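*Asks:*
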Amino acid sequence: MCVPNKKLNYMTKILDKINKPEDVKSLSVEEMYALSSEIRTLMIDTISKTGGHLAPNLGVVEMTVALLACFDLSEDKLLWDVGHQTYVYKILTERKDRIGTIRQYKGLSGFQKRCESKYDLFGAGHAGTALSAGLGVAVERDLSGRKEEVVAIVGDAALCNGISLEALNSIATTTKKFIIVLNDNEMSICENVGSFSRYLGALLASSKYNKVKSRAEDAAKSMKMGRFRKIYYKVEESVKNFFLGSSFFEELGIRYIGPVDGHDISALIEAFESAKKWDRPIVIHVATEKGRGFKPAEVAPENWHGASPGFDIVTGEYAKKSSGISYSQAFGNALCELARENDDVVAITAAMASGTGLMDFSKEFPKRFFDVGICEGHGAVFAAGLASQGKIPVFAVYSTFAQRLIDCVYHDICLQKLKVIFCLDRAGVVGDDGPTHHGVFDIPMFKTVPGLTIMQPANEFELKQMLRLATEISGSSVLRYPRGVIGDVEIADDAVEYGKAQVIKKGSKQQIWAIGDMVELAVDLAEKLNEKGIEAGVVNARFIKPLDTELLTKQIADADRIITLENGALTGGFGESIEVEVGKHNSTMSVSKYGWPDEFIEHGPIDKLKEIHGLTVDSILKDIL
Ligand SMILES: Cc1ncc(C[n+]2csc(CCOP(=O)(O)OP(=O)(O)O)c2C)c(N)n1
């Protein structure tokens, strides 16, 4: 499972001396480069065993070292947006000995996590929070009359998120001291999109500007720090404004410095030190290379944003490939099929084209494919606009990130009786990414929206049928399906009928109602009950809303107990809907509900989490008996 770092056979000479973040400060710049190289090797080796966010972390090694060289974590506050690029930070903030446990059960989290370390000031797994949270932290400092630095480190893609932009609107009018480090690798998970990204790209790439800048920098190097350097930056600002138009940040009252080479430690230290001297908010635009130091990731960083365990640390090749088709792939194929038949079908993603299986669609139908960036709310209302004009928008989004768009579903889509199809990938517990990414709250969230249909397929056949059905019915729909490969439970390919469940096995006194991936468990459970002489029926519910109340009413009259199985939160979940229905019949029948408890589920392998939370056949059987 986890890799004890002590057994690694490469040198960690300098890293061995870093026991506290402030130890970085005593290193020479040469030693900092050597440290960076040691950290890169350690990360590649570790992630090849644990899996994790390789490319983003390889890009921020020198930047993180330089941050710790300049800021004092006993006072200064660092907040990281998203948090998936903090492996280097974890290594340097008293967690190097546990880095081999990252994303493992009971090991380090793959994200910032407040309860893991005093250095993790703010938990993050969803993009776009560092600026707002950092501003809150800065305002508390201001109110208390202290002077420490507050530094928010934000990726170029996360910066376009609505919350980040709302924060940018507030920063300069709320505090005078706030440092934003913009980690610009010109990539989201895939290529970054949108006008903001183009603007940042222009800042990075303007050759005219860079030529003038390097001349100005040469001149500035001969100046001492302090007043003269301030003059240099004033000149630099004018030059930049001349060539690039006035800076977006400057117009918002935020001083702009950059671009700074994110792999030049001296330049980074110089920029961070100068940022401390300003008495107004400042952004330091740092140009980093995603995947730096690992050839396969340098060549194709989009393939290495998140790496699975088991790759070769030189070639990047995997020994074995997973077999079977994933839900994401099956969805992507089904959508392409539909789009070939119906020109009105369009697809939307919020920066998750590959994760949600939309890459083929984007290539086959480039004009009907929209990546809105990490902007789930905008994506939903944009879909509403398209739907209002007769298009059929299919928005593929991870269940966890759909938490960001729920108001839009109430106010902009369902209230207006528009038809938008949400395909919620990674619905259910996702495993190693943990509580920031588990998709267990979508049923409770969406269930209360009037008029919304919620379905979950148990196999590829049903997924296709449900997607088609969603385009045919009036009103909006949600299709949810879990992470990973589709199971091979054998069920008949009965056509999906609106609001109708499928009886897989007849029973009388015990009835098991399951949704989606839990149908397989239901079938196994029924078999085990049978072995114990208890005859149990199995129902593939297919619809979470509307429930098949006709079938349910019949069963309520005949059965002693209904057992519900769902890969979602129990509170407000599918089982609760069944329970409410049973209650309407003044029945004394008991409903035994199995799903995820009312808590944030930790990270770890999915099977392990199911075992701990009693979601295996044996533990449910024991419970029932
Ligand atoms: C609200 C939200 N939507 C989607 C994601 C999925 N996601 C994780 S990292 C990432 C790209 C982040 O890009 P950037 O901010 O530039 O950081 P980088 O990974 O390039 O370092 C995305 C889309 C997320 N974490 N949060």
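Going left to right, the sequence shown walks through residues 163 to 787 as my numbering numbers them.
All C-beta atoms in this analysis are idealised placements derived from N, C-alpha and C, irrespective of residue type, glycine included.
A quick note: this is a predicted structure, and the numbers were derived from the prediction, not measured.
(1) So, V422 versus A437, is the Cβ gap smaller than 7 Å?
(2) Residue range of the alpha helix (DSSP H) that R149 falls in?
(3) Less than 6 Å between the CB of M349 and some heavy atom of ligand 1, yes or no?
(4) G547 to K579, Cα distance in whole Å?
(5) Compute the minimum distance between the beta carbon of G453 and the heavy atoms of ligand 1, and state whether it is under 6 Å.
(6) Using a Cβ-Cβ cut-off of 7 Å, state whether E348 counts as contacting chain D.
(7) Kindly confirm or deny that the stretch 274-292 and the stretch 315-327 touch, where touching means at least three C-beta pairs closer than 8 Å.
(8) Within its chain, find whatever has a CB closer than 7 Å to the CB of Y660; leave out the 5 residues flanking it on each side and keep chain order.
(9) What does the alpha-carbon distance come out to for the pair E193 and L254?
(10) So, helix, strand or coil for L344, using DSSP?
(11) Which value, in whole angstroms, describes the spacing of the CA atoms of T518 and E464?
(12) Can you have a look at L787 and say buried or exposed, based on whether 16 or more other CB atoms are within 10 angstroms of its CB?
(13) Regarding A319 and ligand 1, is the C-beta to nearest heavy atom distance less than 6 Å?
(14) Apart from the five residues on each side of it in sequence, which residues of its chain come closer than 6 Å, Cβ to Cβ, to G788?
(15) Any contact between the stretch 746-764 and the stretch 612-623? By contact I mean 3 or more CB pairs, one from each, below 8 Å.
(16) Does the beta-carbon of R645 have 16 or more other beta-carbons within 10 angstroms, so that it is buried, or is it exposed?
(17) Tell me which residue opens and which closes the alpha helix (DSSP H) that G324 is part of.
(18) Look up T174 in the DSSP assignment and give the residues it is bridged to.
(19) State the start and end residues of the unbroken alpha helix (DSSP H) segment that holds M617.
(20) Quick check on the burial criterion: 16 or more other C-beta atoms within 10 angstroms. Buried or exposed for F762?
(21) On the CB-based measure, 16 or more other CB atoms within 10 Å of its CB, does E693 come out buried or exposed?
(22) Would E487 pass as a contact of I648 if the rule is Cβ separation under 7 Å?
(23) What do you reckon, is the C-beta of Q247 under 6 Å from a heavy atom of ligand 1?
(24) For my contact list, I510 and F544 are in at a C-beta cut-off of 8 Å; report their separation, rounded to the angstrom.
(25) Using three-state DSSP, classify K268 as helix, strand or coil.
(26) Would DSSP call Q104 helix, strand or coil?
(27) State the Cα-Cα distance for the pair I583 and F557, rounded to the nearest angstrom.
(28) Let me know the secondary structure DSSP gives Y251 once reduced to three states.
(29) Considering just the uninterrupted stretch of the alpha helix (DSSP H) at Q673, what are its terminal residues?
(30) Run through DSSP, which three-state label would T212 get?
(31) For ligand 1, is there any heavy atom lying closer than 6 Å to the beta carbon of P644?
(32) Hey, is H288 close to ligand 1, as in C-beta under 6 Å from one of its heavy atoms?
(33) Compute the Euclidean distance between the alpha carbons of T477 and A217, then round it to the nearest angstrom.
(34) Let me check understanding here. Comparing Cα to Cα, which of L189, L713, V343, K280 lies closest to E793?
(35) Can F563 be considered in contact with ligand 1, in the sense that its beta carbon sits closer than 6 Å to one or more heavy atoms?
*Replies:* Inspection of the coordinates gives the following:
(1) no
(2) This structure cannot settle anything about residue 149, because the visible part of the chain is limited to 163 through 787.
(3) yes
(4) 12 Å
(5) no
(6) The displayed structure is made up of one protein chain only, and chain D is not part of it.
(7) yes
(8) L631, I635
(9) 14 Å
(10) strand
(11) Taking the straight line joining both Cα atoms gives about 14 Å.
(12) By the neighbour-count rule (16 or more Cβ atoms within 10 Å), L787 is not buried but exposed.
(13) yes
(14) Outside the displayed span of the chain (163 to 787) sits residue 788, for which this structure offers no information.
(15) no
(16) Answer is buried; the Cβ neighbour count reaches 16.
(17) 324-336
(18) Partner(s): none; T174 has no beta bridge.
(19) Counting along the chain, M617 falls outside any alpha helix (DSSP H), though it belongs to the beta strand (DSSP E) covering 615-617.
(20) Its Cβ having fewer than 16 others within 10 Å, F762 is exposed.
(21) exposed
(22) Reading off the sequence, residue 487 comes out as Ile, not Glu. A contact, by the Cβ cut-off of 7 Å.
(23) Within the chosen limit of 6 Å, ligand 1 reaches the beta carbon of Q247 through at least one heavy atom.
(24) Yes, they are in contact, since the Cβ atoms of I510 and F544 sit about 7 Å apart, within 8 Å.
(25) coil
(26) The question about residue 104 has no answer, for the chain in this structure spans 163 to 787.
(27) Rounded to whole angstroms, I583 to F557 spans 6 Å at the Cα level.
(28) The three-state secondary structure of Y251, taken from DSSP, is helix.
(29) Run containing Q673: none in the alpha helix (DSSP H); it sits in the beta strand (DSSP E), 672-676.
(30) Secondary structure of T212 (DSSP, three-state): helix.
(31) No; taking the cut-off as 6 Å, the Cβ of P644 has no heavy atom of ligand 1 nearer than that.
(32) Yes - ligand 1 has a heavy atom lying nearer than 6 Å to the Cβ of H288.
(33) 15 Å
(34) This structure cannot settle anything about residue 793, because the visible part of the chain is limited to 163 through 787.
(35) yes
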